[in-house]
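I have placed the structure first, in the form of structure tokens, so that the comments after it can refer back to it.
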Amino acid sequence: MIYLLPHAITEAASRTPDHEALRFAGAGLTYATLAERAAQLARFLTEGGVARGDRVGIYMNKSLESVIALYGIMLAGAAYVPLDPFAPVARLAFVIRDCGIRCLISRDDKAAALREMLDLAPGLELLVGVTPDDSWPVRVASWADVATMPASGTPTQPIEQDLAYILYTSGSTGDPKGIMHTHRSGLAFARWAADAYGLRPDDRLSNHAPLHFDLSTFDLFAGALAGATTVVIPEAVTRFPASISKLMQDERISVWYSVPFALTQMLLRGNVGARDLSNLRWLLFAGEVFPTKYLRQLMAALPHVRFSNLYGPTETNVCTYYHVDTVPADTDEPVSIGVACANAEALIVDADNRPVAPGAPGELLIRGPIVMRGYWGRPELTERGLFHRAFHPGYTEPYYHTGDLVLEMPDGNLKFLGRKDRQIKTRGYRVELDEIEVALLGHAAVQEAAVYAMPDPDGEGTNLIYAAVTAKEGATPTAEDLTEHLNSRLPWYAIPARIEIVAEFPRTSTGKIDRRALADQSNS
Numbered sequence: 002m003i004y005l006l007p008h009a010i011t012e013a014a015s016r017t018p019d020h021e022a023l024r025f026a027g028a029g030l031t032y033a034t035l036a037e038r039a040a041q042l043a044r045f046l047t048e049g050g051v052a053r054g055d056r057v058g059i060y061m062n063k064s065l066e067s068v069i070a071l072y073g074i075m076l077a078g079a080a081y082v083p084l085d086p087f088a089p090v091a092r093l094a095f096v097i098r099d100c101g102i103r104c105l106i107s108r109d110d111k112a113a114a115l116r117e118m119l120d121l122a123p124g125l126e127l128l129v130g131v132t133p134d135d136s137w138p139v140r141v142a143s144w145a146d147v148a149t150m151p152a153s154g155t156p157t158q159p160i161e162q163d164l165a166y167i168l169y170t171s172g173s174t175g176d177p178k179g180i181m182h183t184h185r186s187g188l189a190f191a192r193w194a195a196d197a198y199g200l201r202p203d204d205r206l207s208n209h210a211p212l213h214f215d216l217s218t219f220d221l222f223a224g225a226l227a228g229a230t231t232v233v234i235p236e237a238v239t240r241f242p243a244s245i246s247k248l249m250q251d252e253r254i255s256v257w258y259s260v261p262f263a264l265t266q267m268l269l270r271g272n273v274g275a276r277d278l279s280n281l282r283w284l285l286f287a288g289e290v291f292p293t294k295y296l297r298q299l300m301a302a303l304p305h306v307r308f309s310n311l312y313g314p315t316e317t318n319v320c321t322y323y324h325v326d327t328v329p330a331d332t333d334e335p336v337s338i339g340v341a342c343a344n345a346e347a348l349i350v351d352a353d354n355r356p357v358a359p360g361a362p363g364e365l366l367i368r369g370p371i372v373m374r375g376y377w378g379r380p381e382l383t384e385r386g387l388f389h390r391a392f393h394p395g396y397t398e399p400y401y402h403t404g405d406l407v408l409e410m411p412d413g414n415l416k417f418l419g420r421k422d423r424q425i426k427t428r429g430y431r432v433e434l435d436e437i438e439v440a441l442l443g444h445a446a447v448q449e450a451a452v453y454a455m456p457d458p459d460g461e462g463t464n465l466i467y468a469a470v471t472a473k474e475g476a477t478p479t480a481e482d483l484t485e486h487l488n489s490r491l492p493w494y495a496i497p498a499r500i501e502i503v504a505e506f507p508r509t510s511t512g513k514i515d516r517r518a519l520a521d522q523s524n525s
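For the sequence shown, position 467 (counting from the first letter as 1) is numbered 468 according to our numbering, and the numbering increases by one without interruption.
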């Protein structure tokens, strides 16, 4: 019976031991080998002092070993904490200190950063995956040392309510917060995903997202439940649209999941029409709004493929979904975020947490087994994020405050209106910044758009609206062109005080536009 996430690979190994579980850069691992190597690592960790409930960090670029690491950690009864391999060492050291990581799994190419990290995070006691020598001030073991261990059971007996992983949110400033997921919440999502998308052993899933981004859990965990093959995509490939489409062709990807930015870049620069993508059957996107004009173009370029919009903050895995079964109308209107996943409930409430009338806008709350346990070491933040709503006297259920504004349309699907914290007051009016972005994306020369608020120096507590766009190749829009375009679509008070045309946007480690960095640049 599968009640822990790593049971998926051991079950698949017993059914189809020789079937490929993973592929990376032309190499592969069968389910039998993946299960064996994960068990060896689990045994090594427990004999090295890692106990049930401990947090173990993963600090390496994407590889076969990075996936072995997360399964081995969970088999040992610990929770894996993936660290962004491209983040500043000081930021990673904060994460290590914050959740008390004593063991870190890495590789030799991170040795210099690891030495710096040891000075900033003195609680580290064991490094695994690094070649030992006398210069290390802590215990060090290589992957060869791990391979000497027997692949037998570990003494720990975790249960589904134990922590499986902690994902730290990434941002350009401020302290990140750790979002705790249990085996139960991870499996609830993976089971739904495997069923909703009909995953099967002959599927080949893309693992495009980094491990510290919640999109990665679909590829790995739902894929393993189905006994499918997951193709781990190197970071270098994700930076080049032509490389993405070529890999999709060469690896015969059948189910692709990524942020819309990657798909847009592939559409515009990936030479999609020249690729053989006949194996591709489903394209899934999540993480941000997919500009409708590019979605229409991609659907026209790949008429044999189904498309789905998945929605959900990291705190809920995925909580709603929408199958885009027909090409969207020729408007700027984003596609729906759909309906709640099986075994999840969506509730729309007003500012006082009361359910709104049918068709009225409000904040989306989510409950169900997919919801996080809470924020690591932040009980006050957990209390604010989880609203305990009474069902009957003496009985309450926790709902997660998504902070997203939605309304239910007549067909039962949800329309995403924007972030609650992206609703600002300017010139005495309430304005949705996301609505301005959608309007900018409607301009034929605009490729991407970002709108953000800046404090108004002439008005205490009010804001000015700033915008930045990137232009489509060969296009040369001006701020005046874009302002005129917006004037035909938005009220006067929603027109940005400044519109800047930039060569490219700063991005977070998960590929999203970093609006905070844009605001910082405007201040400098």
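Think of the CB as a built atom: it goes at the ideal place given N, C-alpha and C, for glycine as much as any other residue.
What separation, rounded to the nearest whole angstrom, lies between the Cα atoms of Glu1 and Glu126?
Any answer about residue 1 is impossible in this case: the structure gives the chain only from 2 up to 525.
Would you check if the region 231-242 and the region 183-191 touch, i.e. whether three or more CB-CB distances between them fall below 8 Å?
no
Our contact map puts Val256 next to Leu212 with C-beta atoms below 8 Å; I'd like the distance itself, whole angstroms only.
For the purposes of this step, residue 256 is identified with residue 255 of the sequence shown, where counting begins at 1. For the purposes of this step, residue 212 is identified with residue 211 of the sequence shown, where counting begins at 1. Not confirmed; about 18 Å, so no contact.
Assuming Gln41 and Val147 are in contact, meaning their beta carbons sit under 8 Å apart, how far apart are those beta carbons, in whole angstroms?
Taking the first residue of the sequence shown as position 1, residue 41 is located at position 40. Taking the first residue of the sequence shown as position 1, residue 147 is located at position 146. Contact flag correct, Cβ pair sits at about 6 Å.
Going by the CB atoms, is the gap between Glu161 and Arg108 shorter than 8 Å?
Counting from one through the sequence shown, the residue named residue 108 turns up at place 107. Counting from one through the sequence shown, the residue named residue 161 turns up at place 160. Not a contact, by the Cβ cut-off of 8 Å.
Considering only the alpha carbon of each residue, which of Leu76, Gln266, Gly404 and Trp137 lies closest to Thr315?
Counted from its first residue, the sequence shown places residue 315 at position 314. Of the candidates Leu76, Gln266, Gly404 and Trp137, the one whose C-alpha sits nearest the C-alpha of Thr315 is Gly404.
Can you tell me whether DSSP reads His389 as helix, strand or coil?
Locating residue 389 in the sequence shown gives position 388, counting from the first residue. If DSSP states are grouped into helix, strand and coil, His389 belongs with the strands.
Provide the residue span of the beta strand (DSSP E) that contains His184, from first to last.
If you number the sequence shown from 1, residue 184 lands on position 183. Not the beta strand (DSSP E): His184 falls in the alpha helix (DSSP H), residues His184 to Ala197.
Which one or two residues does DSSP pair with Asn310 in a beta bridge?
Translated into positions along the sequence shown, residue 310 becomes position 309. DSSP lists Phe286 and Tyr323 as partners of Asn310.
Distance, Cα to Cα, Ile500 vs Pro83?
On the sequence shown, position 499 is the one that residue 500 refers to. On the sequence shown, position 82 is the one that residue 83 refers to. Using only the alpha carbons, I get a separation of about 37 Å.
Are the Cβ atoms of Gly54 and Ala79 separated by less than 8 Å?
The residue given as residue 54 occupies position 53 in the sequence shown. The residue given as residue 79 occupies position 78 in the sequence shown. Yes; because the gap between Cβ atoms is below 8 Å, this pair is in contact.
Within 10 angstroms of its Cβ, does Trp493 collect 16 or more other Cβ (buried), or is it exposed?
If you number the sequence shown from 1, residue 493 lands on position 492. Result: exposed.
Using the three-state DSSP reduction, which class does Gln522 fall into: helix, strand or coil?
Counting from one through the sequence shown, the residue named residue 522 turns up at place 521. In the three-state reduction of the DSSP assignment, Gln522 falls in the helix class, which pools H, G and I.
Am I right that His184 and Asp163 are in contact with their C-beta atoms under 8 Å? What's the rounded C-beta distance?
By 1-based counting over the sequence shown, the position of residue 184 is 183. By 1-based counting over the sequence shown, the position of residue 163 is 162. His184 to Asp163, Cβ: 6 Å. Contact.
I believe Ile59 touches Tyr81 by the beta-carbon criterion, under 8 Å. Please report the beta-carbon distance rounded to the nearest angstrom.
Sequence index remark: in the sequence shown, residue 59 carries index 58 (1-based). Sequence index remark: in the sequence shown, residue 81 carries index 80 (1-based). At roughly 6 Å, the Cβ-Cβ gap stays under 8 Å, so Ile59 and Tyr81 are in contact.
For Arg276, does the three-state DSSP call read helix, strand or coil?
Taking the sequence shown and counting its residues from 1, one reaches residue 276 at position 275. Correct three-state label for Arg276: coil.
Considering Thr230, what are the terminal residues of the alpha helix (DSSP H) in which it resides?
Numbered from its first residue, the sequence shown carries residue 230 at position 229. It is not in any alpha helix (DSSP H) - Thr230 instead sits in the beta strand (DSSP E) that spans Thr230 to Val233.
Spatial neighbours of Gly274 within its chain, please: C-beta separation below 8 Å, excluding the five flanking residues on both sides.
In the sequence shown, the residue the question calls residue 274 occupies position 273. If we look at Gly274 and ignore the five residues flanking it on each side, its Cβ neighbours are Ala302.
So Leu483 and His444 are supposed to be a Cβ contact under 8 Å. How far apart are they, rounded?
Your numbering for residue 483 matches position 482 in the sequence shown. Your numbering for residue 444 matches position 443 in the sequence shown. 6 Å between Cβ atoms; contact.
Leaving out five residues before and five after Glu289 in sequence, what residues of the same chain have Cβ atoms less than 7 Å from its Cβ?
The sequence position of residue 289 within the sequence shown is 288, counting from 1. Cβ within range, chain order: Val260, Pro261 and Lys513.
Is Val139 helix, strand or coil by DSSP?
In the sequence shown, counting from the first residue as 1, residue 139 sits at position 138. In the structure shown, Val139 sits in coil (DSSP, three-state: anything other than H, G, I, E or B).
Helix, strand or coil: how does DSSP classify Thr317 here?
Taking the first residue of the sequence shown as position 1, residue 317 is located at position 316. Thr317 sits in a helix when the DSSP states are folded into three classes.
Could you say which of Arg490, Pro329 and Ala343 lies nearest to Leu299 if we only look at CA atoms?
Taking the first residue of the sequence shown as 1, we reach residue 299 at position 298. Nearest C-alpha to Leu299: Pro329.
Scan the region 29-115 and note each continuous alpha helix (DSSP H) run of 4 residues or more that stays entirely inside, going in chain order.
Here the runs fully enclosed are 32-48, 65-76 and 90-99.
Tell me whether Asn354 sits in a helix, a strand or coil according to DSSP, three-state version.
On the sequence shown, residue 354 is found 353 positions in, with the first residue counted as 1. Of the three classes helix, strand and coil, the one that applies to Asn354 here is coil, per DSSP.
With distances taken between CB atoms, is the gap from Val372 to Pro399 smaller than 8 Å?
For the purposes of this step, residue 372 is taken as residue 371 along the sequence shown, with counting starting at 1. For the purposes of this step, residue 399 is taken as residue 398 along the sequence shown, with counting starting at 1. Pro399 sits close to Val372, with the two beta carbons spaced by under 8 Å.
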